[in-house]
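Accompanying notes for the structure given below.
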């Protein structure tokens with residue numbers, strides 16, 4: 061990497077890491093388009109829907125949280141600063157829920173009380189919509205996960221060089237998490253930790269393992285020599301983990317994407333390592349072919365992931381007042397997703413002085 065200028069951005073950022081996170085932004089938005097507007101809600105009834113739902117899983121959320129762990133160790137922020145950053149992210153998650161879900165649905169319910177035909181694209185009775193709006197305020201999404209990861213585990217930054225502490229902790233969390241899911245999850249305090257409700261998308265246990273993994277591997281991105289070493293190890297370790305995941309898949313709960321057992325997460329980690337290796341190959345090839353302008357767009361998404369994430373969800377949330385939810389074929393939902401990608405890019409370009417990028 062030290063001899064290859066295409067491997068590093070001018071500001072010192074590692075290009076293939078930015079490529080992976082930038083692509084994750086695109087996959088995430090397209091997945092949300094399927095969830096919000098495709099007729100089956102991305103439940104496996106259409107080819108395009110299935111593709112984007114899959115691309116929005118392993119190549120997306122694990123990538124975001126992994127990089128948070130990587131950059132936590134590389135940053136010079138104090139423990140207090142990182143924990144405060146976590147608090148801000150956690151609260152931002154509920155603020156986003158209010159803007160993207162609760163307010164639009166309250167407007168829809170209120171509109172139906174005034175006139176039954178107003179906002180008829182929203183199904184359900186007015187009072188039911190109002191109750192659902194309040195219910196969705198407590199959705200636990202990736203901001204809550206990111207915030208809690210910073211709050212709970214920033215203190216481990218000083219132990220990043222320890223060979224055993226974080227791997228043992230990751231293993232313990234993977235094995236213990238299924239026994240925690242659902243314990244007192246009717247209590248709002250516990251929902252973000254191990255909730256089993258349909259509105260808990262990313263409980264801290266087990267999803268924090270990607271944050272911890274990023275912290276553990278961060279030291280390998282400090283110098284060109286160590287960074288080259290970890291890239292070689294991605295393929296070897298990824299293959300080994302894939303083998304373990306396949307062998308043990310029948311011995312642990314599979315669950316669903318949001319609450320999966322040991323073997324599934326081992327396979328996701330394996331995929332993450334292969335994916336990072338592939339992104340390294342892609343970014344070098346594209347640079348040599350003169351696609352730097354295209355790459356810079358993806359790097360922009362990576363550098364400004366928090367702001368773009370907020371904008372795209374606001375666009376999706378308020379879109380239901382105009383075009384409804386889950387009313388479209390897969391190709392139409394795909395077009396909406398592409399439009400949201402473009403709009404989020406340009407809107408953030410106009411308001412980036414807000415500096416949301418510093419949070420995530």
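Residue numbers (the numbering used here): 61 to 420. Every residue gets a Cβ at the ideal spot worked out from N, C-alpha and C, and that includes glycine.
Under the three-state reduction of DSSP, residue 74 is assigned to strand.
As the crow flies, the alpha-carbon of residue 223 is around 23 angstroms from that of residue 237. Taking C-alpha positions only, residue 340 is separated from residue 356 by approximately 15 angstroms. For residue 197, the enclosing alpha helix (DSSP H) begins and ends at 186-197.
Judged by DSSP in its simplified three-state form, residue 260 adopts strand. Proximity of the segment 251-265 to the segment 296-306 falls short of the contact definition, fewer than three beta-carbon pairs being nearer than 8 angstroms. Counting along the chain, the unbroken alpha helix (DSSP H) around residue 355 starts and ends at 352-363.
If you check the CB distance, residue 274 and residue 123 do not come in under 7 angstroms. Cβ-Cβ distances below 8 angstroms link residue 214 to 132, 139, 142, 143, 146 in the same chain, with the five nearest sequence neighbours on each side left out; the list follows chain order. When the five nearest sequence neighbours on each side are left out, the beta carbons in the same chain lying within less than 6 angstroms of the beta carbon of residue 159 are those of 374, in order along the chain.
Taking the C-beta atoms as reference points, residue 272 is found no nearer than 7 angstroms to residue 305.
Shown here, residue 98 sits in a strand according to DSSP, grouped into three states. Per DSSP, residue 200 lies in no alpha helix (DSSP H) and is assigned neither H nor E. Taking C-beta separations shorter than 6 angstroms and ignoring five residues to either side along the sequence, the partners of residue 78 in its chain run 359, 362, following chain order.
Taking the CA atoms as reference points, residue 335 sits about 46 angstroms from residue 171. Cβ atoms of residue 337 and residue 295 come within 8 angstroms of each other, at about 6 angstroms. When the five nearest sequence neighbours on each side are left out, the beta carbons in the same chain lying within less than 7 angstroms of the beta carbon of residue 401 are those of 86, 89, in order along the chain. Under the DSSP definition of a beta bridge, residue 388 partners with 98.
A buried status is given to residue 365, since no fewer than 16 other beta-carbon atoms sit within 10 Å of its beta-carbon. One thing to note: residue 390 has its Cβ within 7 angstroms of the Cβ of residue 98. Nearest C-alpha to residue 119 among 231, 156, 317: 317. In this structure the segment 228-242 touches the segment 311-325; the number of beta carbon pairs closer than 8 angstroms is three or more. Of the other Cβ atoms in all chains shown, 16 or more fall within 10 Å of the Cβ of residue 209; this residue is therefore buried.
Rounded to the nearest angstrom, the Cβ distance from residue 279 to residue 221 is 6 angstroms, consistent with a contact under 8 angstroms. Scanning 292, 218, 202 for the CA closest to the CA of residue 270 turns up 202.
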